[in-house]
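Every position in the sequence shown, counted from 1, becomes a number in the numbering used here once 234 is added.
Where is the CB? At the ideal position from N, CA and C, for every residue including glycine.
Bear in mind that the values here come from a model prediction, so they are computed numbers and not experimental data.
Shown next, in C-alpha cells, is the structure this report addresses.
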Amino acid sequence: MFQLDVDIAGFVELSRDSPAHAWVARAGFGRLLCGATLWEDAVKIIATTNTTWRQTVRMIELLVAKCGGVFPTQEEVARFTVDELQSDCRLGYRAKSIHALASCDLSTLPASTEDRYKFYLSLPGIGPYGAAHLLAMDGRHDFIAVDTEFRSFVRNRYHGGRRVSDATMLRRYRKWGKWKYLAYWSESWKRAVSGENK
C-alpha cells in the first residue's frame, strides 16, 4: 500500500520553507510503503527488533511460507504454537509477542493520535519505536521512531558524531509539528539515495 489516501499537503508546504527539504515537492516525496493491514505492519515491525534486516526478511519469508500464499492472517498465525513459530519461522523471542498479537482486536482504533499511540504501546511486542512507526503507517507523523539508525543519522548530520540524548535529537524536529517523522525520514532518504555520509 502506498498511502495515496493520506493528505501530505501540509508537509509539502512546510518543506518549501526549509532549504534542506526544498526537494520534497519536486520529488513528490512523503508517502510511505506499508502493509495491507495493521496486523501485517505490526508483525513486520516486531520482526525488526534486535536483529539484522536480512534476518528480518528471512523470518517474514518463513512465516509466509509456513502459512502459504500471501501474508498470513491473524487467525492463521494463531493456529500455531509459540514453539512452532520459534522453530519453523526462526522468530526467537518475538514468536511469543506475534502469537499474542494474533489474538488482539485490531479492527477498532482510537481516533486521536495520542490515544492511538497509547493503544499501539499496549500491543504485545510494540514499544515506543514500534508505536511511532505504526502511526507513520497510518499517515500520522507526530512521533519519530527512535532507533539506532535515527540516532546515528542525527548524531552524524547535526552533532559531529558526538553522543547526545534522544531528547536533544528529537528537539531538532519539533518545529515540524505533526510532520516530524516525515521531516526526519526525508533527510534520511535523501542521504541514502545521494550516497551522502552526512
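Compare the beta carbon distance of residue i and residue j with 8 Å and say whether it is the shorter of the two.
i           : j           : result
residue 389 : residue 398 : yes
residue 379 : residue 363 : yes
residue 414 : residue 257 : no
residue 277 : residue 242 : no
residue 383 : residue 254 : no
residue 347 : residue 313 : no
residue 311 : residue 301 : yes
So the candidates are the options; which of them puts its Cα closest to the Cα of residue i?
i           : options            : result
residue 183 : 338, 339, 319      : Absent from the model: residue 183. The displayed extent of the chain is 235 to 432, so no value can be given.
residue 366 : 249, 303, 418, 332 : 418
residue 260 : 269, 267, 250, 268 : 250
residue 291 : 323, 238, 307      : 323
residue 304 : 370, 255, 271      : 271
residue 238 : 279, 372, 346      : 372
residue 328 : 426, 361, 402, 346 : 361
residue 385 : 265, 286, 402, 370 : 402
residue 273 : 308, 247, 267      : 308
residue 426 : 387, 396, 287, 298 : 387
residue 268 : 287, 240, 286      : 240
Would DSSP call residue i helix, strand or coil?
i           : result
residue 432 : In this prediction, residue 432 has a pLDDT of 45, which is less than 50 and means its spatial position is unreliable; nothing more can be read from the coordinates.
residue 399 : coil
residue 298 : helix
residue 415 : helix
residue 321 : helix
residue 354 : helix
residue 347 : helix
residue 265 : coil
residue 253 : helix
residue 290 : helix
residue 244 : helix
residue 313 : coil
residue 423 : helix
Which whole-angstrom value describes the C-beta separation of residue i and residue j, a residue pair presumed to lie in contact below a C-beta threshold of 8 Å?
i           : j           : result
residue 344 : residue 350 : 5 Å
residue 335 : residue 293 : 14 Å between Cβ atoms; not a contact.
residue 376 : residue 352 : The Cβ separation is near 13 Å, so there is no contact.
residue 404 : residue 245 : The Cβ separation is near 17 Å, so there is no contact.
residue 279 : residue 368 : 7 Å
residue 266 : residue 370 : 6 Å
What first and last residue would you give for the alpha helix (DSSP H) that runs through residue i?
i           : result
residue 273 : 272–280
residue 364 : 362–371
residue 382 : 382–392
residue 238 : Counting along the chain, residue 238 falls outside any alpha helix (DSSP H), and DSSP gives it neither H nor E.
residue 375 : Where residue 375 is concerned, there is no enclosing alpha helix (DSSP H), given that its DSSP letter is neither H nor E.
residue 331 : 328–335
When the cut-off is 8 Å and only beta carbons count, does residue i lie next to chain C?
i           : result
residue 264 : The displayed structure is made up of one protein chain only, and chain C is not part of it.
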